[in-house]
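Engineer: Heads up: the sequence lines are chains A, B, C and D, in that order. Going by UniProt numbering, the first sequence wraps up at 224, each residue one higher than the last. Going by UniProt numbering, the second sequence wraps up at 224, each residue one higher than the last. Going by UniProt numbering, the third sequence wraps up at 224, each residue one higher than the last. Going by UniProt numbering, the fourth sequence wraps up at 224, each residue one higher than the last. All residues carry an ideal CB built from backbone N, CA and C; glycine is no exception. Right, I'll just put the structure down here and ask away after.
4 protein chains.
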Amino acid sequence: MKIWVYDQPREVARETFADYLDPATTAVISIDMHRGHLEDSPDCPCPAPRARDVVAPIDAFHRQVRARGMPVVHVKSVLRPGGEDDLRGIPAAWRRTFAQHVGPIPNADAHALEGSRWTEWVTEVLPQDWRVENKRRLSAFYPTDLDFLLRNQGIRTVVFDGGFTDCCVLNSAFDANNHNYRVIVLRDLVRGTDDHLESAALSMVSLHLGLVMDSAELLVTWRG
Amino acid sequence: MKIWVYDQPREVARETFADYLDPATTAVISIDMHRGHLEDSPDCPCPAPRARDVVAPIDAFHRQVRARGMPVVHVKSVLRPGGEDDLRGIPAAWRRTFAQHVGPIPNADAHALEGSRWTEWVTEVLPQDWRVENKRRLSAFYPTDLDFLLRNQGIRTVVFDGGFTDCCVLNSAFDANNHNYRVIVLRDLVRGTDDHLESAALSMVSLHLGLVMDSAELLVTWRG
Amino acid sequence: MKIWVYDQPREVARETFADYLDPATTAVISIDMHRGHLEDSPDCPCPAPRARDVVAPIDAFHRQVRARGMPVVHVKSVLRPGGEDDLRGIPAAWRRTFAQHVGPIPNADAHALEGSRWTEWVTEVLPQDWRVENKRRLSAFYPTDLDFLLRNQGIRTVVFDGGFTDCCVLNSAFDANNHNYRVIVLRDLVRGTDDHLESAALSMVSLHLGLVMDSAELLVTWRG
Amino acid sequence: MKIWVYDQPREVARETFADYLDPATTAVISIDMHRGHLEDSPDCPCPAPRARDVVAPIDAFHRQVRARGMPVVHVKSVLRPGGEDDLRGIPAAWRRTFAQHVGPIPNADAHALEGSRWTEWVTEVLPQDWRVENKRRLSAFYPTDLDFLLRNQGIRTVVFDGGFTDCCVLNSAFDANNHNYRVIVLRDLVRGTDDHLESAALSMVSLHLGLVMDSAELLVTWRG
Numbered sequence: 001m002k003i004w005v006y007d008q009p010r011e012v013a014r015e016t017f018a019d020y021l022d023p024a025t026t027a028v029i030s031i032d033m034h035r036g037h038l039e040d041s042p043d044c045p046c047p048a049p050r051a052r053d054v055v056a057p058i059d060a061f062h063r064q065v066r067a068r069g070m071p072v073v074h075v076k077s078v079l080r081p082g083g084e085d086d087l088r089g090i091p092a093a094w095r096r097t098f099a100q101h102v103g104p105i106p107n108a109d110a111h112a113l114e115g116s117r118w119t120e121w122v123t124e125v126l127p128q129d130w131r132v133e134n135k136r137r138l139s140a141f142y143p144t145d146l147d148f149l150l151r152n153q154g155i156r157t158v159v160f161d162g163g164f165t166d167c168c169v170l171n172s173a174f175d176a177n178n179h180n181y182r183v184i185v186l187r188d189l190v191r192g193t194d195d196h197l198e199s200a201a202l203s204m205v206s207l208h209l210g211l212v213m214d215s216a217e218l219l220v221t222w223r224g
Numbered sequence: 001m002k003i004w005v006y007d008q009p010r011e012v013a014r015e016t017f018a019d020y021l022d023p024a025t026t027a028v029i030s031i032d033m034h035r036g037h038l039e040d041s042p043d044c045p046c047p048a049p050r051a052r053d054v055v056a057p058i059d060a061f062h063r064q065v066r067a068r069g070m071p072v073v074h075v076k077s078v079l080r081p082g083g084e085d086d087l088r089g090i091p092a093a094w095r096r097t098f099a100q101h102v103g104p105i106p107n108a109d110a111h112a113l114e115g116s117r118w119t120e121w122v123t124e125v126l127p128q129d130w131r132v133e134n135k136r137r138l139s140a141f142y143p144t145d146l147d148f149l150l151r152n153q154g155i156r157t158v159v160f161d162g163g164f165t166d167c168c169v170l171n172s173a174f175d176a177n178n179h180n181y182r183v184i185v186l187r188d189l190v191r192g193t194d195d196h197l198e199s200a201a202l203s204m205v206s207l208h209l210g211l212v213m214d215s216a217e218l219l220v221t222w223r224g
Numbered sequence: 001m002k003i004w005v006y007d008q009p010r011e012v013a014r015e016t017f018a019d020y021l022d023p024a025t026t027a028v029i030s031i032d033m034h035r036g037h038l039e040d041s042p043d044c045p046c047p048a049p050r051a052r053d054v055v056a057p058i059d060a061f062h063r064q065v066r067a068r069g070m071p072v073v074h075v076k077s078v079l080r081p082g083g084e085d086d087l088r089g090i091p092a093a094w095r096r097t098f099a100q101h102v103g104p105i106p107n108a109d110a111h112a113l114e115g116s117r118w119t120e121w122v123t124e125v126l127p128q129d130w131r132v133e134n135k136r137r138l139s140a141f142y143p144t145d146l147d148f149l150l151r152n153q154g155i156r157t158v159v160f161d162g163g164f165t166d167c168c169v170l171n172s173a174f175d176a177n178n179h180n181y182r183v184i185v186l187r188d189l190v191r192g193t194d195d196h197l198e199s200a201a202l203s204m205v206s207l208h209l210g211l212v213m214d215s216a217e218l219l220v221t222w223r224g
Numbered sequence: 001m002k003i004w005v006y007d008q009p010r011e012v013a014r015e016t017f018a019d020y021l022d023p024a025t026t027a028v029i030s031i032d033m034h035r036g037h038l039e040d041s042p043d044c045p046c047p048a049p050r051a052r053d054v055v056a057p058i059d060a061f062h063r064q065v066r067a068r069g070m071p072v073v074h075v076k077s078v079l080r081p082g083g084e085d086d087l088r089g090i091p092a093a094w095r096r097t098f099a100q101h102v103g104p105i106p107n108a109d110a111h112a113l114e115g116s117r118w119t120e121w122v123t124e125v126l127p128q129d130w131r132v133e134n135k136r137r138l139s140a141f142y143p144t145d146l147d148f149l150l151r152n153q154g155i156r157t158v159v160f161d162g163g164f165t166d167c168c169v170l171n172s173a174f175d176a177n178n179h180n181y182r183v184i185v186l187r188d189l190v191r192g193t194d195d196h197l198e199s200a201a202l203s204m205v206s207l208h209l210g211l212v213m214d215s216a217e218l219l220v221t222w223r224g
């Protein structure tokens, strides 16, 4: 089975990671594939344009996941419309720090506001999918009920796709690891700030947190 | 005030980050500076040799922090001696994944076992310091009482030093950010797996999580 | 100031509990005042008929709270419509245990299902109020983001009203206490399973967790 | 099988609660059986004298539990010696509220201080038992790593014995329930503030949280 270790392909015996590979106890977690990151518009409040490339491939992967009877969980940031979670409370750090890198973000104040178009999903979300819609900062796990949900469903392995490999995806992989889930990050279905940080984040995952794989390889591996 | 943004120095106005800079509500969090990472011996169970270089500088920085009346919190991994937290339960991912990168880690089974010499502090820990001694995986926050402690003491800013910039330090910075602490990571007082991942982790902090600073600069800034 | 200690009125000096009484850092938390508990209908899925008596008094109290510029937080149980949080996962204990006491609960399976009429608020919820709508079991705090919200808003005292004094209210008071909020439960604005358990739960609050007060007395006390 | 529902014995079919009764996924949690509650001395910092009666019976029960190869977890309050968790931070509510009921508690400031004799176990703690020694307030679960431990060991049912039925035991039963553990409280091996609150707390458990049983009955039931 091919995994990626520190940005290099590596053939490993499937048995070495057998506990990562049981479809019956696996869920796919798709992070922040919403209009507020992905819309191609100057007023996109928190642009992650590189992730647009993976919208169609993620949809295709999820279809295969559902066809196997496995759950897809969509997680996204939504903030209370009055600003209590952020601008009118303790503001999220990225508002000032990311702006040091990319310059002012014109419409950042509209980011993730409940009820706004910016919270609409861009990827396909079907009725049987599970949704977690109160991510408030970077992690899919805190302060949401994702862990409660996964645990209640007997999930032991989480497979991540979606947005900002070096931010929300990496953070969620850390959290999943700390909660003793087996972690897989899909190299072809995540996108980071840029190539450099994306690659570095995947290297960190591969060293400390779990497996970095291509989605096609994982599908083959699940077939057994 | 000089900060580092994506590995480059940047001069910013102190007022831009005034809420990060109040010594009265700041604690320094020192991560995993224990013998199990730092001892120069072939049976060191989880070697992080690069962090040996910062033992003396961290001690010197902590002395100045204490002299200002500010708290130093030492956090370290300790696992129940019977293995219930790890080897005899759901084993930590790094045992298999990090070994893909560095090869077999001969004495890894002894890592962090309660009561063993591997849990001894290498940096100076004084009676007035605070200690969190049940980190079980990578984060200083989960499943420990660090948040309970900081909150009870009215802490709003956390300053990180210590070990594995791209692992436990980065994970703890993510968690601190999600709990709405203001985050500062000290570039000269943390060490990562290697130069590349260390630099990338600091870049991620600087973009998404908070400030990357040199310790000397922070001391000057605190002086006001 | 009059408080209730183990079901008896007691006059105490306001200064003894001064840290409980600052309106500027206080929020009112109203628990589970929804149709699924309160509707007077044979298919009410989880009947708490005694709490119907406090709907109007709670609304009146909240109006005064808002008039002071203080926040009202409405928390309620909502379960994913597919049953993943409960019936199709690990079912909530009360389904079998409460039925030992009251007999079969005919429509219990419909309890709290997202999108159903059973989740509609019965008390007045205004746009400026805060809502927490993913309570999954008994506590208002886990696995919701209530603590994240309160903390972000600098809240230090929580005042509880609403339903099942000896269940969700008591559980939430325990959790608030463990997170070091100052706790006040409003004796006239909560209702329990029956008089006996309601009184016992208030006695427990008064001994271990915080203040039991009448809402009129609290309003007077806030006036200072 | 005999359970207690709202203080009355009830015969129920074992199959109704089959998921509560698998010894292979059950742990016994013993709460706060330490000298600071149990010592018969005027300077006992937080007296719970009624619980002295269950020391020997708890020890006897634990011996049978261990003989079955099942884990016993001892949880107790320990506070950092400098007072950061309590008196020199946000003080625990009970210090003022419980004193309204029983009058001044002379040596309360010494309660649970790390390194003091008050934290010594009174019940038998064997090397193979698991220990959780950083309970800070009332719950055995927060901010400790009890959930991390139980989950890592595949535990699904928790059986409680120990001290203050209407306080730490009840709070821990609520938390266990919210985390979807199956909960059993042993009626003969817990003690509350007084008969009235003890009985009421057990009634609450029996209605909302799980099973109230006698320890002898549970042992018989486990035999199958």
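(1) Quick check on D166 (chain A): buried or exposed, where buried means 16 or more other Cβ atoms within 10 Å of its Cβ?
(2) Just mark T221 (chain B) as buried or exposed, buried being the case when its beta carbon has 16 or more other beta carbons within 10 Å.
(3) Evaluate the contact criterion for the stretch 154-164 of chain B versus the stretch 115-127 of chain A: three or more CB pairs, one atom per stretch, below 8 Å.
(4) Hey, is L149 (chain B)'s beta-carbon within less than 8 Å of any beta-carbon in chain D?
(5) On the DSSP letters alone, give me the boundaries of the beta strand (DSSP E) that P9 (chain C) sits inside.
(6) Answer with buried or exposed for P81 (chain D), where buried requires no fewer than 16 other C-beta atoms within 10 angstroms of its C-beta.
(7) Leaving out five residues before and five after D43 (chain B) in sequence, what residues of the same chain have Cβ atoms less than 6 Å from its Cβ?
(8) Using a Cβ-Cβ distance cut-off of 8 Å, determine whether I29 (chain D) contacts chain B.
(9) Please state whether the Cβ-Cβ distance between Y186 (chain A) and S215 (chain A) is less than 8 Å.
(10) Could you give the distance in angstroms between the alpha-carbon of W94 (chain D) and the alpha-carbon of S77 (chain B)?
(11) Using 10 angstroms around the beta-carbon of R182 (chain B), count the other beta-carbons present and answer buried if the total reaches 16, otherwise exposed.
(12) Quick one: Cα of D22 (chain A) to Cα of L218 (chain A), how far?
(13) How is the alpha helix (DSSP H) around F148 (chain C) delimited, first residue to last?
(14) Taking the straight line between their C-alpha atoms, what separation do you get for D194 (chain B) and R50 (chain B)?
(15) Short of 8 Å in beta carbon distance, which residues of its chain neighbour F98 (chain C), apart from the five on each side in sequence? Order them along the chain.
(16) Would you grab the beta carbon distance between V72 (chain D) and D129 (chain D) for me? Rounded to a whole angstrom, and I think it's under 8 Å.
(17) Please list, in chain order, the residues of the stretch 173-204 of chain B that have any C-beta partner in chain C closer than 7 Å.
(18) Report the partner residues of W4 (chain D) according to the DSSP bridge assignment.
(19) Hey, V28 (chain B) and M70 (chain B): beta-carbon distance below 8 Å or not?
(20) Along the chain, where does the alpha helix (DSSP H) containing S172 (chain B) start, and where does it finish?
(21) Is it the case that the Cβ atoms of residue 226 (chain A) and P45 (chain A) are separated by a distance below 8 Å?
(22) Reducing DSSP to helix, strand and coil, say where R156 (chain A) ends up.
(23) Measuring only between beta-carbons, confirm whether S206 (chain C) sits less than 8 Å from chain D.
(24) Check the Cβ of W130 (chain B) against every Cβ in chain F and list those closer than 7 Å, keeping chain order.
(25) With distances taken from CA atoms, which of C:S30, C:P143 and C:N177 is nearest F61 (chain C)?
(26) Would you grab the beta carbon distance between L189 (chain B) and F17 (chain B) for me? Rounded to a whole angstrom, and I think it's under 8 Å.
(27) Are G192 (chain C) and D32 (chain C) touching if we call contact CB-CB under 8 Å?
(28) Could you pull out every residue in the same chain whose Cβ sits closer than 7 Å to the Cβ of N171 (chain A), ignoring the five residues on either side in sequence?
(29) Please classify L138 (chain A): does DSSP put it in a helix, a strand, or coil?
(30) Measuring straight from C-alpha to C-alpha, what distance separates S203 (chain C) and N152 (chain D)?
(31) Pull up the DSSP beta-bridge partners for A27 (chain A), would you.
(32) For the beta strand (DSSP E) containing R117 (chain C), list its first residue and its last residue.
(33) Can you pull the chain C neighbours of A93 (chain D), defined as C-beta to C-beta under 8 Å?
(34) Between the beta-carbon of N180 (chain B) and the beta-carbon of Y142 (chain A), is there less than 8 Å?
(35) Once you ignore the five residues that flank E114 (chain C) on each side, which residues in its own chain have a CB closer than 7 Å to its CB?
(36) Residue ranges of each alpha helix (DSSP H) run of no fewer than 4 residues wholly in the stretch 50-129 of chain A, ordered along the chain?
Structural biologist: Let me spell this out:
(1) Buried is the call here.
(2) By the neighbour-count rule (16 or more Cβ atoms within 10 Å), T221 (chain B) is buried.
(3) These segments do not touch.
(4) Residue contact with chain D for L149 (chain B): present (Cβ-Cβ distance below 8 Å to some residue of chain D).
(5) Unbroken beta strand (DSSP E) run through P9 (chain C): Q8 to E11.
(6) It is exposed - the Cβ of P81 (chain D) has fewer than 16 other Cβ atoms within 10 Å.
(7) Closer than 6 Å at Cβ, skipping near neighbours: N107.
(8) Chain B contact via Cβ: absent.
(9) Looking at the sequence shown, residue 186 (chain A) is not Tyr but Leu. L186 (chain A) places its beta carbon less than 8 Å from that of S215 (chain A).
(10) If I take the Cα positions, the gap works out to 32 Å.
(11) Classification of R182 (chain B): buried, given that the 10 Å Cβ count is 16 or more.
(12) For D22 (chain A) and L218 (chain A), the distance between alpha carbons rounds to 11 Å.
(13) L146 to N152 is the span of the alpha helix (DSSP H), which, as asked, contains F148 (chain C).
(14) Taking the straight line from one Cα to the other gives about 8 Å.
(15) I105, listed in sequence order.
(16) Confirmed, Cβ separation roughly 5 Å.
(17) Among the residues of the stretch 173-204 of chain B, those with a Cβ less than 7 Å away from any Cβ of chain C are N180, in the order of the chain.
(18) Looking at the DSSP assignment, W4 (chain D) forms a beta bridge with D:P9.
(19) In this structure, M70 (chain B) lies closer than 8 Å to V28 (chain B) by Cβ.
(20) Taken as a continuous stretch (DSSP letters only), the alpha helix (DSSP H) holding S172 (chain B) covers L170 to N178.
(21) Residue numbering for chain A in the displayed model covers 1 to 224; residue 226 (chain A) lies beyond these limits and cannot be assessed.
(22) In the structure shown, R156 (chain A) sits in coil (DSSP, three-state: anything other than H, G, I, E or B).
(23) It does; some Cβ of chain D falls within 8 Å.
(24) Absence of chain F from the displayed structure is noted, the protein chains being A, B, C and D.
(25) Checking every option, the nearest Cα to that of F61 (chain C) belongs to C:S30.
(26) Actually they are not in contact, since the Cβ atoms of L189 (chain B) and F17 (chain B) sit about 19 Å apart, beyond 8 Å.
(27) Result no, Cβ atoms of G192 (chain C) and D32 (chain C) do not sit closer than 8 Å.
(28) Around N171 (chain A): L138 and S139.
(29) The answer is coil: DSSP assigns L138 (chain A) none of H, G, I, E or B.
(30) When rounded, the distance between both Cα atoms is 37 Å.
(31) For A27 (chain A), which the question treats as bridged, DSSP gives the partners A:V158.
(32) Note, R117 (chain C): premise wrong, no beta strand (DSSP E); not H, not E.
(33) Listed along chain C, the residues sitting closer than 8 Å to A93 (chain D) by beta-carbon distance are N177, R182, V183, H208, L209 and G210.
(34) For N180 (chain B) and Y142 (chain A), no; Cβs fall outside 8 Å.
(35) Excluding residues within five positions, the ones whose Cβ falls inside 7 Å are V78, L79, R80 and P81.
(36) Qualifying alpha helix (DSSP H) stretches, in chain order: 55-67 and 94-102.
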